[in-house]
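S.K.:
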Amino acid sequence: MKLAASSQLPKAYRTLTLLWVVIISMQWVDFTEPLWFSVTTTLVTVTIIMMALVEWLLPVQAGWKWTIKIIVLLTVWRFILTSYGVYVPIGPFYPDQLRGMALTFTPYIWFSLVAWALLEVVLRLIVNRPRILLFIAFHLIAFAILDSFTRYYLWKNVAWIVFAGLGWLVSAHFYEYRKKYPQGWQRLRQSPIKIAVNIGIVFACVLLIGVSMPSVSPTLTDPYTAWIKRSGGGGGGPSALSGALGDGPSAVKEEVVSGYSRDDKTLGDGFEFSYSPVMSIDTPVRSYWRGETRRIYSGKGWADLEQEGRDTERYRGAPNADPLVHEQPGKVETMRVEQTVTMNTDKVYPVLFGGYAIESVELLDDRQQSDMRWTVKQAELFWNGYRDPGDLPDYPRKYKVVANIPLIPLEELEQASYETLFPEGAPEEYLQLPSSLPQRVKDLAEEITAEGETPYAKMDLLQQYLRQNYEYTNKPDLARKRSDDFVDSFLFEIRQGYCDYYSTAMVVMARSLGIPARWVKGYAPGSQPSDDMMMRSPELGRAYNVSNADAHSWTELYFGDYGWIPFEATPGFVSPIMEAPEESEGAFALDTDTDTEVSAADDSFFSQLDPIVMQRIFVTAVIVLLLWTLYQLRSELYFLWLRLRLGRPLTPGEKAIYETLRLVRRLRHRGFVRGDQETLREAFGRWKLERPQLAEALDPLLLIYEQANYGRNPAAADWRAARELSRRVVKLAGGNGWKQALPVSGKRYLGG
Numbered sequence: 002m003k004l005a006a007s008s009q010l011p012k013a014y015r016t017l018t019l020l021w022v023v024i025i026s027m028q029w030v031d032f033t034e035p036l037w038f039s040v041t042t043t044l045v046t047v048t049i050i051m052m053a054l055v056e057w058l059l060p061v062q063a064g065w066k067w068t069i070k071i072i073v074l075l076t077v078w079r080f081i082l083t084s085y086g087v088y089v090p091i092g093p094f095y096p097d098q099l100r101g102m103a104l105t106f107t108p109y110i111w112f113s114l115v116a117w118a119l120l121e122v123v124l125r126l127i128v129n130r131p132r133i134l135l136f137i138a139f140h141l142i143a144f145a146i147l148d149s150f151t152r153y154y155l156w157k158n159v160a161w162i163v164f165a166g167l168g169w170l171v172s173a174h175f176y177e178y179r180k181k182y183p184q185g186w187q188r189l190r191q192s193p194i195k196i197a198v199n200i201g202i203v204f205a206c207v208l209l210i211g212v213s214m215p216s217v218s219p220t221l222t223d224p225y226t227a228w229i230k231r232s233g234g235g236g237g238g239p240s241a242l243s244g245a246l247g248d249g250p251s252a253v254k255e256e257v258v259s260g261y262s263r264d265d266k267t268l269g270d271g272f273e274f275s276y277s278p279v280m281s282i283d284t285p286v287r288s289y290w291r292g293e294t295r296r297i298y299s300g301k302g303w304a305d306l307e308q309e310g311r312d313t314e315r316y317r318g319a320p321n322a323d324p325l326v327h328e329q330p331g332k333v334e335t336m337r338v339e340q341t342v343t344m345n346t347d348k349v350y351p352v353l354f355g356g357y358a359i360e361s362v363e364l365l366d367d368r369q370q371s372d373m374r375w376t377v378k379q380a381e382l383f384w385n386g387y388r389d390p391g392d393l394p395d396y397p398r399k400y401k402v403v404a405n406i407p408l409i410p411l412e413e414l415e416q417a418s419y420e421t422l423f424p425e426g427a428p429e430e431y432l433q434l435p436s437s438l439p440q441r442v443k444d445l446a447e448e449i450t451a452e453g454e455t456p457y458a459k460m461d462l463l464q465q466y467l468r469q470n471y472e473y474t475n476k477p478d479l480a481r482k483r484s485d486d487f488v489d490s491f492l493f494e495i496r497q498g499y500c501d502y503y504s505t506a507m508v509v510m511a512r513s514l515g516i517p518a519r520w521v522k523g524y525a526p527g528s529q530p531s532d533d534m535m536m537r538s539p540e541l542g543r544a545y546n547v548s549n550a551d552a553h554s555w556t557e558l559y560f561g562d563y564g565w566i567p568f569e570a571t572p573g574f575v576s577p578i579m580e581a582p583e584e585s586e587g588a589f590a591l592d593t594d595t596d597t598e599v600s601a602a603d604d605s606f607f608s609q610l611d612p613i614v615m616q617r618i619f620v621t622a623v624i625v626l627l628l629w630t631l632y633q634l635r636s637e638l639y640f641l642w643l644r645l646r647l648g649r650p651l652t653p654g655e656k657a658i659y660e661t662l663r664l665v666r667r668l669r670h671r672g673f674v675r676g677d678q679e680t681l682r683e684a685f686g687r688w689k690l691e692r693p694q695l696a697e698a699l700d701p702l703l704l705i706y707e708q709a710n711y712g713r714n715p716a717a718a719d720w721r722a723a724r725e726l727s728r729r730v731v732k733l734a735g736g737n738g739w740k741q742a743l744p745v746s747g748k749r750y751l752g753g
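Per this note's numbering, the very first residue in the sequence shown carries number 2; after that it's consecutive.
As structure tokens, this is what we get:
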């Protein structure tokens with residue numbers, strides 16, 4: 002299929018082509034945003050949008066259009082670079098400011114010029130279906146490679162490219178159909194809503210199938226993933242072990258040591274403790290330094306992020322960014338604490354650590370332009386690097402975390418029944434268990450918790466059983482293992498292990514009892530200097546010193562309105578749960594020298610609402626306002642639809658006829674039925690006899706209708722007066738009625 006050159010394309014197709022190209026361009030801008038300075042990102046974005054607008058708005062001669070584009074581009078450069086402080090106008094425009102712009106605009110303008118040049122090339126070269134397909138395929142392949150071999154998750158960008166590509170192909174198809182079959186196109190235009198709905202359904206099905214496809218683990222590990230496993234963060238097991246790079250017999254085994262994990266798909270190997278320092282944390286309260294969570298248990302370990310998926314939001318960091326959004330339960334108060342993290346290693350981690358749950362993070366190492374990603378549901382803060390790391394490690398050396406530590410009302414929670422905690426049922430995604438899980442695991446969980454009357458009591462019994470009946474060791478005897486399931490072999494065969502064994506068993510057994518659970522990895526609190534050491538070296542302070550030996554995993558259980566609560570099934574570890582103060586005790590105070598702030602409920606109603614609830618209220622209000630506006634403009638919108646369908650604007654007479662016939666349709670629901678052989682004058686006369694008060698509105702409306710339908714000058718009909726009279730009739734008849742859309746032909750005589 003050969004399309005015309007860009008300058009010869011009809012306005013509608015040129016508009017849609019510009020839209021699809023801009024959408025695809027924005028995906029590259031989104032990808033490069035963490036790599037560029039913010040001024041460069043803004044400059045490129047505004048350049049693409051402004052050049053597309055000029056291309057759309059100005060159907061003038063090519064020479065004039067290029068002149069206007071250059072003027073607009075120079076204006077964009079000056080405005081953006083001045084607003085960011087890159088260029089400060091000094092002196093007269095000529096020659097001082099021109100000289101200053103020439104010196105300071107580079108190198109930013111080169112990015113802008115390249116973006117503009119690519120936009121112009123695409124608009125002029127991608128003009129037929131094969132080229133469109135090649136263009137879309139190139140972008141999909143490029144983003145697939147970048148998603149596979151970099152730290153970025155680009156599936157949303159791929160979805161946008163697929164959407165734009167489908168839209169572009171559909172636009173090209175209809176353009177070609179219009180050229181080849183003009184009569185068929187005219188008939189097609191009579192049903193624009195039907196066509197739009199069909200296109201929307203096809204788009205939705207294609208995108209839904211793509212999003213819903215199950216993740217399949219690769220047979221071979223790609224080089225980038227193998228390199229990351231080998232060089233990053235201390236290694237490879239869930240208690241944060243580092244070890245072999247392959248599963249096959251030819252893999253070379255390395256020393257397995259403790260550290261933050263990168264691969265949790267296979268659990269259970271023994272390890273040596275590594276006491277290399279990781280970080281020191283200055284905090285008024287003891288916390289677990291939370292990293293990531295895992296949800297899908299495979300029977301051998303935990304699925305990776307690619308299989309689980311994450312909905313992330315970009316986070317710029319405090320103090321300029323808004324607080325991070327949480328799914329914070331309404332029945333739990335929080336204590337607001339500040340924690341300063343100083344990294345003592347050059348390794349790069351995928352997350353920033355802090356107490357649960359992080360409210361904000363401020364980088365303190367004088368390096369800005371970072372890229373962080375926040376997951377609301379899992380409360381994880383992923384680190385995607387600095388835009389310009391330079392010679393320093395691509396990870397913050399020091400940052401401050403503001404955390405809202407939940408104050409758990411344990412006495413109240415211990416009395417809460419399952420129906421109270423989960424009135425609408427527990428979330429299924431956190432009850433997942435593999436079909437191959439042996440039944441004896443479930444039977445043991447029921448036996449252990451039989452005496453517990455409430456979900457919390459059952460989980461406490463389960464936690465105590467694991468802590469008291471299994472041996473802790475960093476080198477479990479794997480020769481005892483017979484079962485293929487990791488938890489089953491731990492509970493009934495090996496009967497010894499470290500944190501990964503206990504925490505995973507706790508999650509699986511809790512889920513088998515219907516309690517939502519997830520697996521968490523990070524670091525234990527670490528150690529503080531002793532009093533003697535403080536006297537000898539007071540500069541050490543009271544910060545918690547965390548090493549790779551403190552790498553840890555634990556369990557979080559979900560209790561409805563009380564939220565996620567950590568449980569510690571590993572012997573020798575104590576979960577730092579903060580209990581809520583009793584009402585008789587007054588204000589809650591910490592036994593530390595540092596002032597803390599308890600974020601109890603404020604006096605105002607809105608301050609007590611969850612941010613997500615507030616967001617939903619706002620969205621609902623906007624939707625209601627939009628629907629009300631559309632209702633008020635219903636006649637104008639219907640006339641616009643008819644104009645698209647007929648290929649011409651409606652005359653005032655046709656609008657007056659439409660308003661009158663719409664009234665007839667609405668009055669049918671009020672009991673005023675017009676006979677098949679009855680004229681409008683006869684129907685109105687009969688209705689006036691039945692309801693005399695209608696005469697004051699029906700008589701002038703009938704005159705307008707007859708003038709529009711039978712008069713010599715239908716254009717003089719006052720359709721707005723007809724609309725007001727129609728509304729008056731509805732009110733007099735009792736009720737507002739419902740709008741009934743009437744099919745309108747291309748002729749002036751629409752009824753009567």
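The C-beta atom is built at its ideal place from N, Cα and C for all residues, glycine as well.
Source: prediction; values computed, not measured.
Check the DSSP bridge columns for Pro567 and list the partner residues they point to.
M.R.: In the DSSP output, where bridge partners are listed per residue, Pro567 has Glu557.
S.K.: Can the beta-carbon of Ile81 be found closer than 8 Å to that of Leu126?
M.R.: Their beta carbons are not under 8 Å apart, which means Ile81 does not touch Leu126 by this criterion.
S.K.: In chain order, which continuous runs of the alpha helix (DSSP H) of length 4 or greater are located wholly inside the region 329 to 362?
M.R.: Counting only runs of 4 or more, we get nothing.
S.K.: Compute the distance between the beta-carbons of Asn470 and Val258, then report whether it is under 8 Å.
M.R.: In this structure, Val258 does not lie closer than 8 Å to Asn470 by Cβ.
S.K.: Could you name the residues of the same chain whose beta carbon sits closer than 6 Å to that of Gly314, not counting the 5 residues immediately before and after it, in chain order?
M.R.: It is worth fixing the name first, because residue 314 is Glu in this sequence and not Gly. Once the five neighbours on either side are set aside, the close Cβ partners of Glu314 are Trp375.
S.K.: Sorry if obvious, but does the Cβ on Pro693 come closer than 7 Å to a heavy atom of the ligand SAH?
M.R.: Here there are no bound small molecules, and the ligand SAH is not part of this structure.
S.K.: Thr652 by DSSP, collapsed to three states: which one?
M.R.: Thr652 falls in the coil class under three-state DSSP.
S.K.: Nearest CA to the CA of Glu381: which residue from Ala205, Leu325, Tyr706, Leu147?
M.R.: Closest by alpha carbon: Leu325.
S.K.: What separation, rounded to the nearest whole angstrom, lies between the Cα atoms of Glu255 and Lys476?
M.R.: Confidence at Glu255 is low in this model, with a pLDDT of 47, below 50, so the placement of that residue should be treated as unreliable; the coordinate-derived value is given next. C-alpha separation (whole angstroms): 15 Å.
S.K.: If you draw a straight line from the alpha carbon of Glu494 to that of Asp270, how long is it in whole angstroms?
M.R.: Straight-line Cα distance between these residues: approximately 15 Å.
S.K.: Considering only C-alpha positions, which residue in the set Gly300, Ile578, Ser26, Pro90 is nearest to Val123?
M.R.: Cα-wise, what sits closest to Val123 is Ser26.
S.K.: Determine the direct distance from the alpha carbon of Tyr632 to that of Asp611, and round the result to whole angstroms.
M.R.: With a pLDDT of 47 at Asp611, under the threshold of 50, the modelled position of this residue cannot be trusted; read the value that follows with caution. Cα to Cα, the separation comes out at about 31 Å.
S.K.: Flag this pair as yes or no: are the beta carbons of Asp551 and Ala525 separated by less than 8 Å?
M.R.: In this structure, Ala525 lies closer than 8 Å to Asp551 by Cβ.
S.K.: Check whether the region 344 to 353 and the region 392 to 407 are in contact - that is, three or more C-beta pairs closer than 8 Å.
M.R.: Yes: the two stretches touch, three or more of their Cβ pairs being nearer than 8 Å.
S.K.: With contact counted as at least three CB pairs below 8 Å, one residue from each stretch, are the region 293 to 308 and the region 274 to 282 in contact?
M.R.: Result no; under three Cβ-Cβ pairs closer than 8 Å.
S.K.: Taking the C-alpha atoms as reference points, what is the distance between Leu19 and Pro131?
M.R.: Computed Cα separation, rounded: 18 Å.
S.K.: Helix, strand or coil: how does DSSP classify Ala793 here?
M.R.: Residue 793 is absent from the structure shown; the chain starts at 2 and stops at 753.
S.K.: For the beta strand (DSSP E) containing Asp372, name the first residue and the last one.
M.R.: Here the beta strand (DSSP E) through Asp372 covers 371 to 376.
S.K.: Which residues in the same chain as Ile200 place their Cβ atom closer than 7 Å to its Cβ, once the five residues preceding and following it in sequence are excluded?
M.R.: Cβ neighbours of Ile200 beyond the five flanking positions: Val171.
S.K.: Kindly indicate which three-state DSSP category Tyr545 falls into: helix, strand or coil?
M.R.: Of the three classes helix, strand and coil, the one that applies to Tyr545 here is strand, per DSSP.
S.K.: Please list the segments of the alpha helix (DSSP H) lying wholly inside the region 107 to 135, counting only runs of 4 or more residues, in order along the chain.
M.R.: 109 to 126, all fully within the region 107 to 135.
S.K.: So that I know if they touch, is there some Cβ in chain B lying closer than 8 Å to that of Met510?
M.R.: The structure shown contains no chain B, having only a single protein chain.
S.K.: Beta carbon of Tyr563, beta carbon of Val377: below 8 Å?
M.R.: No.
S.K.: Considering only residues of the same chain and omitting the five flanking positions on each side of Val442, which have a CB-CB separation below 7 Å?
M.R.: Val488, Asp489, Leu492, Val509, Met510, Ser513.
S.K.: Please determine, among Ile705, Phe673, Asp719, Glu660, the residue with the shortest C-alpha to C-alpha distance to Ser727.
M.R.: The option with the nearest alpha carbon to Ser727 is Glu660.
S.K.: Which residues in the same chain have their Cβ closer than 6 Å to the Cβ of Gly527, if we skip the five residues on either side of it in sequence?
M.R.: For Gly527, where only same-chain residues beyond five positions count, the Cβ hits under 6 Å are Tyr545, Asn546, Val547, Asp551.
S.K.: Express the C-alpha separation of Trp65 and Arg766 in angstroms, rounding to a whole number.
M.R.: The question about residue 766 has no answer, for the chain in this structure spans 2 to 753.
S.K.: For Trp629, count neighbouring Cβ atoms within 10 angstroms of its own Cβ and tell me buried if that reaches 16, exposed if not.
M.R.: Flag for Trp629 reads exposed.
S.K.: Below 8 Å between beta carbons: does that hold for Ala304 and Lys348?
M.R.: No; because the gap between Cβ atoms is not below 8 Å, this pair is not in contact.
S.K.: When the Cα atoms are used, what is the spatial distance from Thr760 to Val23?
M.R.: Not covered by the structure: residue 760. The range shown for the chain is 2 to 753.
S.K.: From this set, Val73, Ser288, Pro650, which residue's C-alpha is nearest Pro577's C-alpha?
M.R.: The shortest C-alpha separation from Pro577 is found at Ser288.
S.K.: To which residues does DSSP link Arg295 through a beta bridge?
M.R.: DSSP lists Trp520 as partners of Arg295.
S.K.: Do Leu268 and Gly292 have their C-beta atoms within less than 8 Å of each other?
M.R.: Not closer than 8 Å, so no.
S.K.: Pick helix, strand or coil for Gly498, following the three-state DSSP scheme.
M.R.: Looking at Gly498 - three-state DSSP - the assignment turns out to be strand.
S.K.: Taking all protein chains shown into account, decide if Ser149 is buried (16 or more other Cβ within 10 angstroms of its Cβ) or exposed.
M.R.: Answer is exposed; the Cβ neighbour count stays below 16.
S.K.: Take Ala205 as the anchor and find which of Phe673, Gly168, Thr42, Ser504 has the nearest alpha-carbon.
M.R.: Cα-wise, what sits closest to Ala205 is Gly168.
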